[in-house]
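Chains A and B, in that order, give the protein sequences. First residue of the first sequence: 16, per the numbering used here; consecutive thereafter. First residue of the second sequence: 39, per the numbering used here; consecutive thereafter. Ideal placement from N, C-alpha and C gives every residue a C-beta, glycine not left out. Take a look at the structure set out below.
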Amino acid sequence: MSASSTAAGPSKVSVLADVFTTLHTQGRAALAPFVTAGDPDMETTLAVLESLDRAGASLCELGVPYSDPIADGPVIQSSYTRALAAGFTLERLFELSRQATQRVKMPILAMASYSLIYRRGIDRFVADAKAAGLTGFVVPDLPIEESDQLDAACRQAGLALVRLVTPTTPPERAEAIARKSTGFLYCVSVAGVTGARTDLPAGLIDRVQWLRTKTDVPILVGFGISSPEQARAVAAVADGVIVGSAVVRHLAEAANQPREAFLHGLKGYVGDLVAATAR
Amino acid sequence: MTPALPPAAPPLSQVPDTLGRFGRFGGRYVPETLSAALEQLEQAYDEAIADPAFASELDGLLSAFVGRPTPLLFAKRLTELAGGAQIYFKREDLSHTGAHKINNTLGQGLLALRMGKRRIIAETGAGQHGVATATACARFGLDCVVYMGAEDVRRQAPNVRNMRFMGAEVRPVESGSRTLRDAINEAMRDWMGSVETTHYIIGSVVGPHPFPRIVRDFQSVIGRETVEQCQRQLGRLPDTVVACVGGGSNAAGMFYPFVDHSDVRLVGVEAGGRSGKPGDHAASLSYGSPGILHGSLSYVLQDADGQTADVHSVSAGLDYPGVGPEHSYWRDAGRVEYTSVTDAEALDAFDLVAQREGILPALETSHALAWAMEEAGRRPPQEILVVCMSGRGDKDAAEIARLRGLSADGTSVPA
Numbered sequence: 016m017s018a019s020s021t022a023a024g025p026s027k028v029s030v031l032a033d034v035f036t037t038l039h040t041q042g043r044a045a046l047a048p049f050v051t052a053g054d055p056d057m058e059t060t061l062a063v064l065e066s067l068d069r070a071g072a073s074l075c076e077l078g079v080p081y082s083d084p085i086a087d088g089p090v091i092q093s094s095y096t097r098a099l100a101a102g103f104t105l106e107r108l109f110e111l112s113r114q115a116t117q118r119v120k121m122p123i124l125a126m127a128s129y130s131l132i133y134r135r136g137i138d139r140f141v142a143d144a145k146a147a148g149l150t151g152f153v154v155p156d157l158p159i160e161e162s163d164q165l166d167a168a169c170r171q172a173g174l175a176l177v178r179l180v181t182p183t184t185p186p187e188r189a190e191a192i193a194r195k196s197t198g199f200l201y202c203v204s205v206a207g208v209t210g211a212r213t214d215l216p217a218g219l220i221d222r223v224q225w226l227r228t229k230t231d232v233p234i235l236v237g238f239g240i241s242s243p244e245q246a247r248a249v250a251a252v253a254d255g256v257i258v259g260s261a262v263v264r265h266l267a268e269a270a271n272q273p274r275e276a277f278l279h280g281l282k283g284y285v286g287d288l289v290a291a292t293a294r
Numbered sequence: 039m040t041p042a043l044p045p046a047a048p049p050l051s052q053v054p055d056t057l058g059r060f061g062r063f064g065g066r067y068v069p070e071t072l073s074a075a076l077e078q079l080e081q082a083y084d085e086a087i088a089d090p091a092f093a094s095e096l097d098g099l100l101s102a103f104v105g106r107p108t109p110l111l112f113a114k115r116l117t118e119l120a121g122g123a124q125i126y127f128k129r130e131d132l133s134h135t136g137a138h139k140i141n142n143t144l145g146q147g148l149l150a151l152r153m154g155k156r157r158i159i160a161e162t163g164a165g166q167h168g169v170a171t172a173t174a175c176a177r178f179g180l181d182c183v184v185y186m187g188a189e190d191v192r193r194q195a196p197n198v199r200n201m202r203f204m205g206a207e208v209r210p211v212e213s214g215s216r217t218l219r220d221a222i223n224e225a226m227r228d229w230m231g232s233v234e235t236t237h238y239i240i241g242s243v244v245g246p247h248p249f250p251r252i253v254r255d256f257q258s259v260i261g262r263e264t265v266e267q268c269q270r271q272l273g274r275l276p277d278t279v280v281a282c283v284g285g286g287s288n289a290a291g292m293f294y295p296f297v298d299h300s301d302v303r304l305v306g307v308e309a310g311g312r313s314g315k316p317g318d319h320a321a322s323l324s325y326g327s328p329g330i331l332h333g334s335l336s337y338v339l340q341d342a343d344g345q346t347a348d349v350h351s352v353s354a355g356l357d358y359p360g361v362g363p364e365h366s367y368w369r370d371a372g373r374v375e376y377t378s379v380t381d382a383e384a385l386d387a388f389d390l391v392a393q394r395e396g397i398l399p400a401l402e403t404s405h406a407l408a409w410a411m412e413e414a415g416r417r418p419p420q421e422i423l424v425v426c427m428s429g430r431g432d433k434d435a436a437e438i439a440r441l442r443g444l445s446a447d448g449t450s451v452p453a
C-alpha cells in the first residue's frame, strides 16, 4: 500500500478543492481540457499539457488509451487507436505523468477504463498514479455499485475519484452518486458517447441547477462542448467545463503540421475557452 | 444420481446474485448512461418471468414459430466411425433461422414490447444472431439495426442478405479488428445515445448484468429438452454433454440444466484457431486471464496492461476475445471442462458430419463435433455423448469453398 497522504504532502483532493476555491474568488469557472496520452506520441502529449497549462486550463483530464472504449465517439476512439498503435503502455503513461506533473501547475486526473485498472490491480494502479503525481481518476465505465474497492484505495491515497451523472440517471441515484464523488462531480450533458455537438442539450442548465441544490461538491459539465459560446452558457451555472473531443481533434492534425504551429493553434483555441469561463 | 451437497455449498445453479455475480465473475461495468436501462431490463425480466402470460406467449412461439422441441438424433454412422461412445445430436440446427439464437431473440423481443421500446439493436458475428434478431423484429413489428464487423459481413454474406430481406438495417463496422468484438462496441455506443427508446438484444451470455442471466435462461430450453429427451428416449441422462463456446450462449443453455447433475460430464470447446500463440486463437478460457470486457468480469484474452488482444478463428461466431461470466465461474469451480479445437480440426469435422450424417454443421458447431468424435473413440460403447448441434452450416459453405480454393459449385478450380 502506498504511503499515507500526509506523508506525501497534502491530499490531492484538497489541492483540487483549492483550485475551485481560487476560481470562485476570481469569479470564474474551471476549464478542463481532455487530452489523450500518447497521441500522436508521448513527447507531443507532454508539450500539449504544458501548452494547456500556459493557456490557463484549470485542470486536465489525461485520457488513457483503451482498446474498447464503449463510452467514446469516433474522435476519441480514433485517438486511442493511434496512441496504441504508436506503442502506448501504462508504464509510459506513468512516466509521462511524472514528467508532466513536475512541469505544470494544473492538477492532472487520469480518465481510465476500469478494465485497465482492474488488470493492473487496484492498489498498484492507485499507488503508481500517486507516485506519478496524478490527482485522481475519472473511470467512465465504473458505476457506484462496483466501485467500493477503488473508492477505498483512492481515499487512502488521498486521490480523487470523480463520479459521473447523466441525463438518464434518476434523481435519487444522482444524489447517491454526488455523495460518493470526490474532487468534483462530472455531469454528462447528453445521453450518448463523447463528441462535439453544436447545441447545448435542452434541460442541461436546469439539471445542473438542480444538482447544485443537492451537493456541495463542484460540478463540471462535459460531453459535446466545443465552442466558447457553449462554455460561457455552462460556466454561468456550473463550476467548470470539460472539453474533450474538440481538443483531441486538434491532435489528429498534429502529425500534418510543425509542432510549434500546432501548439500555437491549440493554445489559441483553449485560451478562447478559458476566456469564456469568466462569469 | 446427484449426491447430496454439503450445506456450505449451494447448488452451482443458484447464480447470479442480485449484483449479477457468478462467484467473482459477472457484474455490471458500464457507463452510467446505461445503468437505468439495465435496471429497467432487470425489473421487466423479473416481472415477465412471474407472469404466466409471458411464458405462455413465448412457449407458443417456440413451438409454432421456431419448431420446438428440436429432436435428439442418434448419429449412427458417426458413432460407427468413432468406434466408441454413442453420439447424439441435439438438433438446434433445425430451429427456424437455423440456429439456437432465435430462442433468445424471441424472449428479449417480448421483453422489449413489455418495456415499450420499439427499436432494437443487436451485434452479430456469424450473422446467426443478427438473422434471429431481424426475424423476431419482423414478427413483432419492431425496427431493427444490426451491427456486424466488416470482415464478418464478407465471410457470412448469406446471413447479411437474409437480414436485409427481413427489413433489418445492417451496419458494417470498420473499426478495430472488424469482427464481433467491434460490433459489440458499436452496438453499445448506439445504445449510449438511444437507450431511452431502444432495447439492445445482446446475442450471447456476455455483457453487463442482467444480460448473462437473461440469455442463459432463454437458451436453457435447449438443456431442459435434452434432459427430458434423454430420460424418455434413452432412459437415463447422458455421460457427456459437449458444446462449442465463443461467448457461450448455446453452451450455457445446454449446460445450465445439467450443472446440478454432477455425474454428467460437461465440456466446452473453444476456437483453437491456427495455434496456441497469442493472436492465433480465440480460446479465452484456455489461454485468457480474468479481466473486464463489454461490461462484465470474465476470462479475457488481453495483454499485460488489459488491452484486449487480437484473436482469430475460422468461425466468425467464435472469433471473440471474451466469454460469458458464468462459464468462467463453471471453469474455476471445476464443473465444466474447457478445451479447444483448431481451425483445421473443425473443418475436418465439418466434412465428416456432412458426408456421414447428411448434415452441414455450422463452423462454430464443427468445433464441438471435432472434439466429440475424438472423445467418443476413447469411451466405451455403453456411454452416451450428446453434442449441441447449435447451428446449420449453409452460411459457411461459400467461405469453406473459398478457403479450399474451390469454385462456387464446390469443384476444384484448375491451376
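Query	Result
Applying a beta-carbon distance threshold of less than 9 Å, which residues of chain A neighbour residue 280 of chain B?	By Cβ distance, chain A contributes nothing, its closest Cβ being about 30 Å from residue 280 of chain B, past 9 Å.
Label residue 64 of chain A either buried or exposed according to how many other C-beta atoms from any shown protein chain fall within 10 Å of its C-beta, with 16 as the threshold for buried.	buried
Here's the rule: buried if 16 or more other CB atoms are within 10 angstroms of the residue's CB, otherwise exposed. What is residue 291 of chain A?	buried
Can you confirm whether residue 213 of chain A, when its beta carbon is compared against all beta carbons of chain B, has any partner nearer than 8 Å?	no
Hey, residue 429 of chain B and residue 161 of chain B are a contact pair by Cβ (cut 8 Å); roughly how many whole angstroms apart?	That pair is no contact at about 17 Å.
In terms of DSSP beta bridges, what is residue 292 of chain B paired with?	In DSSP, residue 292 of chain B forms no bridge with anything.
Does the segment 221–228 of chain B touch the segment 182–190 of chain B, meaning 3 or more C-beta pairs lie closer than 8 Å?	yes
Is any beta-carbon of chain A found at less than 8 Å from that of residue 68 of chain B?	yes
Tell me whether residue 293 of chain A sits in a helix, a strand or coil according to DSSP, three-state version.	strand
What is the rounded straight-line gap between the Cα of residue 380 of chain B and the Cα of residue 433 of chain B?	20 Å
According to the Cβ coordinates, are residue 306 of chain B and residue 321 of chain B closer than 8 Å?	no
Measure from the C-beta of residue 250 of chain B to each C-beta in chain A and report whether the shortest distance is under 8 Å.	no
With residue 255 of chain A as the anchor, note down where its beta strand (DSSP E) starts and where it stops.	255–258
Does any CB atom of chain B fall closer than 8 Å to the CB of residue 161 of chain A?	yes
Could you please give me the residues that DSSP links to residue 311 of chain B through a beta bridge?	B:380
Please return the same chain residues whose Cβ sits closer than 8 Å to the Cβ of residue 18 of chain A, not counting the five positions on each side in sequence.	Its pLDDT being 40, under 50, residue 18 of chain A is placed unreliably by the model, and nothing is read from it.
Using a Cβ cut-off of 8 Å (strictly closer), state whether residue 18 of chain A contacts chain B.	Bear in mind that the predicted position of residue 18 of chain A carries a pLDDT of just 40, short of 50, making it too unreliable to give a figure here.
What is the residue span of the alpha helix (DSSP H) that residue 90 of chain B lies within?	90–99
Name the residues in the segment 151–172 of chain B whose C-beta lies less than 9 Å from a C-beta of chain A; which are they?	none
Just curious, the alpha helix (DSSP H) that residue 247 of chain A is in, first and last residue?	243–250
Any idea what DSSP makes of residue 181 of chain B, helix, strand or coil?	strand
Let me make sure I understand the geometry here. Which of B:179, B:168, B:133 and B:135 has the alpha-carbon closest to that of residue 154 of chain B?	B:179
Does the count of Cβ pairs from the segment 48–66 of chain B and the segment 207–220 of chain B closer than 8 Å reach three?	no
If you count every other CB in all the chains shown that lies within 10 Å of the CB of residue 203 of chain B, and 16 or more means buried, which is it?	exposed
Taking DSSP as the reference, what is the three-state secondary structure of residue 450 of chain B?	strand
Here's the rule: buried if 16 or more other CB atoms are within 10 angstroms of the residue's CB, otherwise exposed. What is residue 362 of chain B?	buried
With residue 236 of chain B as the anchor, note down where its beta strand (DSSP E) starts and where it stops.	236–238
Is DSSP giving residue 308 of chain A helix, strand or coil here?	For chain A, the structure presents residues 16 to 294; residue 308 of chain A sits outside this window and is missing.
Within 10 angstroms of the Cβ of residue 279 of chain A, are there 16 or more other Cβ atoms? Answer buried if so, exposed if not.	exposed
From the DSSP output, in three-state form, read off residue 52 of chain B for me.	coil
If we call anything under 8 Å between Cβ atoms a contact, is residue 170 of chain B one with residue 140 of chain B?	yes
For residue 64 of chain B, which of helix, strand or coil comes out of DSSP?	strand
Which value, in whole angstroms, describes the spacing of the CA atoms of residue 286 of chain B and residue 326 of chain B?	15 Å
Using the rule of at least 16 other Cβ atoms within 10 Å of the residue's Cβ for burial, across every protein chain shown, is residue 112 of chain B buried or exposed?	exposed
Spell out a yes or no on whether the segment 150–160 of chain A and the segment 367–374 of chain B are touching, meaning 3 or more CB-CB pairs, one atom from each, closer than 8 Å.	no
Between residue 77 of chain A and residue 52 of chain A, how many whole angstroms is the CB-CB distance? I'm expecting something under 8 Å.	5 Å
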